[in-house]
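Undergrad: Structure in structure tokens, see below.
Here it is as structure tokens:
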């Protein structure tokens, strides 16, 4: 099968690659670009571990054809920190012990970022809804909800 | 349709570790010429905090800052033997092995420091900040880094220690059946409150209150993290997940995360936890460890709460809406029990 030339913005940097038809964005990110932060959990949209932002919107990269990202801005966990400075959500996850094994963490952080980008002052229910597509096996969700609320509150305090 | 509120309680007595032919774990501790220490283990950190806790134990037993200790849970091919991270044994078994190894390494470190300071090792103490000094004379001091360098390049000594902790096999007495499968026990009590819908059979968690006695909590935040996450898994085992919903018939087994149902962030409930610390005589710094016990009391407490709410005794897990409805139908309707 002929490969397709594809260009998009990956965490602010333009990338150009060739992909086979039908390859999903998760595979393109992990195996071609080498960004291992989106995780492969189930491969069918059931767990949220592969969540990334495309033009600021939350997407499951395992269900997104790589070619549909052409010309768009793809954000992954790898782009969340600013140089050596962690994103406020990352710091809140650390402070609230919101990660144990860590496998769901990249997807959780992207789901949380998508929420806070469009709604900087979410209610608890809104946080719960925002992470409902992401499965966590370790934390019981409570520390994750608390971390997202704390990051939102921290953002308000600075504003 | 009526929603019935019910409350149930469960208490558990939980053995730490296991007894399948003896339960050993080993640890090795050595210093690098930088004066930092490495703990070698085959034990695995699954996210429960094994690396953090063994790091704390090693630093405390050596008398050095926790930042100066690195834990390498390398590989079971090359590391010292460990039975594994299961049976709630990590903190207790591995922690004890690390403590023994760190004590042996501390002995060598103090001897090496004594040689440098030209005093008797028995007169030395550590300040926990990376220095070793003569008791009562803190100015007669040497850093652990300088001791490590002297041991390595001048004295020709390895600052290292070996540790093993073994709970030997407890055989069963053929006459009485008596045995001692564990050397220490953790305890917990949990009260669960649920709402049971008698039209749909759905059970919703309302709140949980619990007390866990688990020896000394070496890292209170990690203990809390384990208890919160473990209780969620208890809810999941009680009400949601199973690979074989019609066991022993394997039909309708879930094939993926869409069918393998677990409680999501909207299905959890407030959980108030009290941690009681009764140091274990044979635990590292008195620790037993939370482990699997985090999840265990939730299941019977939820089953009891359902009985309290609608009067049905659920004895199969998970307690799905279908099972609850069938049980309510079989007894001719919901029969709320008295609230105590």
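Residue numbers (my numbering), protein chains in the order written: chain A, 1 to 159; chain B, 1 to 340. Don't be surprised by glycine CBs; every beta carbon is placed ideally from N, CA and C.
Taking 8 Å as the threshold (C-beta atoms), are residue 295/B and residue 230/B in contact?
TA: yes
Undergrad: Taking the alpha-carbon positions, what's the residue 159/A to residue 153/A distance?
TA: Bear in mind that a pLDDT of 48 at residue 159/A, under 50, signals an unreliable position, so the number given afterwards is only what the model happens to contain. Those two C-alpha atoms are separated by around 10 Å.
Undergrad: When we look at the beta-carbon of residue 66/A and count the other beta-carbons within 10 Å, is it buried (16 or more) or exposed?
TA: buried
Undergrad: Output needed in chain order: residues of the stretch 98-129 of chain A with a Cβ under 7 Å from some Cβ in chain B.
TA: 100, 101, 102 and 128
Undergrad: Using a Cβ-Cβ cutoff of less than 6 Å, which residues in the same chain neighbour residue 36/B once the five nearest sequence positions on both sides are dropped?
TA: 68
Undergrad: If we ignore side chains and look at the alpha-carbon of each, how far apart do residue 20/A and residue 1/A end up?
TA: One Cα belongs to residue 20/A, the other to residue 1/A, and the distance between them is close to 7 Å.
Undergrad: Is it true that the CB of residue 238/B sits closer than 8 Å to the CB of residue 302/B?
TA: yes
Undergrad: Have a look at residue 276/B and residue 89/B and give me their C-alpha separation to the nearest angstrom.
TA: 19 Å
Undergrad: Rounding to the nearest angstrom, what Cα-Cα distance links residue 33/B and residue 85/A in this structure?
TA: 31 Å
Undergrad: Taking residue 183/B as the reference, which of 207/B, 222/B and 92/B has the closest Cα?
TA: 92/B
Undergrad: For a minimum of 4 consecutive residues, which ranges assigned as the alpha helix (DSSP H) are wholly contained in the stretch 158-244 of chain B?
TA: 220-239
Undergrad: Rounded to a whole number of angstroms, what is the C-alpha to C-alpha distance between residue 351/B and residue 308/B?
TA: In the structure displayed, chain B extends from 1 to 340; residue 351/B sits before or after that span and is not available.
Undergrad: Output the distance between the C-alpha atoms of residue 290/B and residue 326/B, rounded to the nearest integer angstrom.
TA: In a straight line, the C-alpha of residue 290/B is about 36 Å away from that of residue 326/B.
Undergrad: Within 8 Å (strictly less), CB to CB, does residue 90/A reach chain B?
TA: no
Undergrad: Would a check of beta-carbon distances place residue 231/B closer than 8 Å to chain A?
TA: Closer than 8 Å to some Cβ of chain A, the Cβ of residue 231/B qualifies, so yes.
Undergrad: Check this for me: beta carbons of residue 284/B and residue 95/B, under 8 Å apart or not?
TA: Yes, the pair counts as a contact, with Cβ atoms nearer than the cut-off.
Undergrad: Closer than 7 Å, Cβ to Cβ, to anything on chain B: give me those residues from the stretch 66-78 of chain A, in chain order.
TA: none
Undergrad: For chain B, is any of its Cβ atoms less than 8 Å away from the one on residue 62/A?
TA: Residue 62/A does not count as touching chain B.
Undergrad: Spell out a yes or no on whether the stretch 98-115 of chain A and the stretch 134-152 of chain A are touching, meaning 3 or more CB-CB pairs, one atom from each, closer than 8 Å.
TA: yes
Undergrad: So which of 198/B, 41/B, 264/B and 226/B has the shortest CA-CA distance to residue 331/B?
TA: 198/B
Undergrad: Which residues in chain B sit within 8 Å of residue 139/A, going by Cβ to Cβ distance?
TA: Identification of chain B residues near residue 139/A by a Cβ-Cβ cut-off of 8 Å yields 225, 228, 229 and 232, ordered along the chain.
Undergrad: Counting only the same chain and skipping the five closest in sequence on each side, list residues whose C-beta sits under 8 Å from that of residue 149/A.
TA: 122, 124 and 127
Undergrad: Leaving aside the five residues before and after residue 100/B along the sequence, list all residues of the same chain whose C-beta is less than 6 Å from its C-beta, in chain order.
TA: 163
Undergrad: What is the C-beta distance between residue 306/B and residue 206/B, in whole angstroms, given that I count them as a contact (C-beta under 8 Å)?
TA: Their Cβ separation, rounded to whole angstroms, is 12 Å, which puts residue 306/B and residue 206/B out of contact at 8 Å.
Undergrad: What residues from chain A crowd round residue 298/B, counting only those whose CB sits closer than 7 Å?
TA: Under the 7 Å cutoff, chain A gives no residues; its nearest Cβ is about 11 Å from residue 298/B.
Undergrad: Report the neighbours of residue 132/A on chain B: residues whose CB is nearer than 9 Å to its CB, in chain order.
TA: Neighbours of residue 132/A on chain B, chain order: 264, 265 and 266.
Undergrad: Strictly below 7 Å CB to CB, what residues from chain A border residue 46/B?
TA: 101
Undergrad: Where do the ends of the alpha helix (DSSP H) carrying residue 104/B lie?
TA: Per DSSP, residue 104/B belongs to the alpha helix (DSSP H) from 95-117.
Undergrad: Mind listing which residues of the stretch 83-97 of chain B have their C-beta closer than 8 Å to chain A's C-betas, in chain order?
TA: none
Undergrad: Measuring straight from C-alpha to C-alpha, what distance separates residue 28/A and residue 43/B?
TA: 35 Å
Undergrad: Any residues in the stretch 15-42 of chain A with a beta carbon nearer than 8 Å to a beta carbon of chain B? Which ones, in chain order?
TA: 41 and 42
Undergrad: Let me see if you follow: with CB-CB separation under 8 Å, is residue 258/B close to chain A or not?
TA: yes
Undergrad: What three-state label does DSSP hand residue 356/B in the structure shown?
TA: Since the displayed chain B opens at 1 and closes at 340, residue 356/B lies outside it and no answer follows.
Undergrad: If we require 3 or more residues per run, which beta strand (DSSP E) segments fall completely within the stretch 51-91 of chain B?
TA: 69-72
Undergrad: Quick one: measure Cβ to Cβ for residue 123/B and residue 135/B, integer angstroms, because I've assumed they're closer than 8 Å.
TA: 6 Å
Undergrad: Can you tell me whether residue 14/A is helix, strand or coil according to DSSP?
TA: strand
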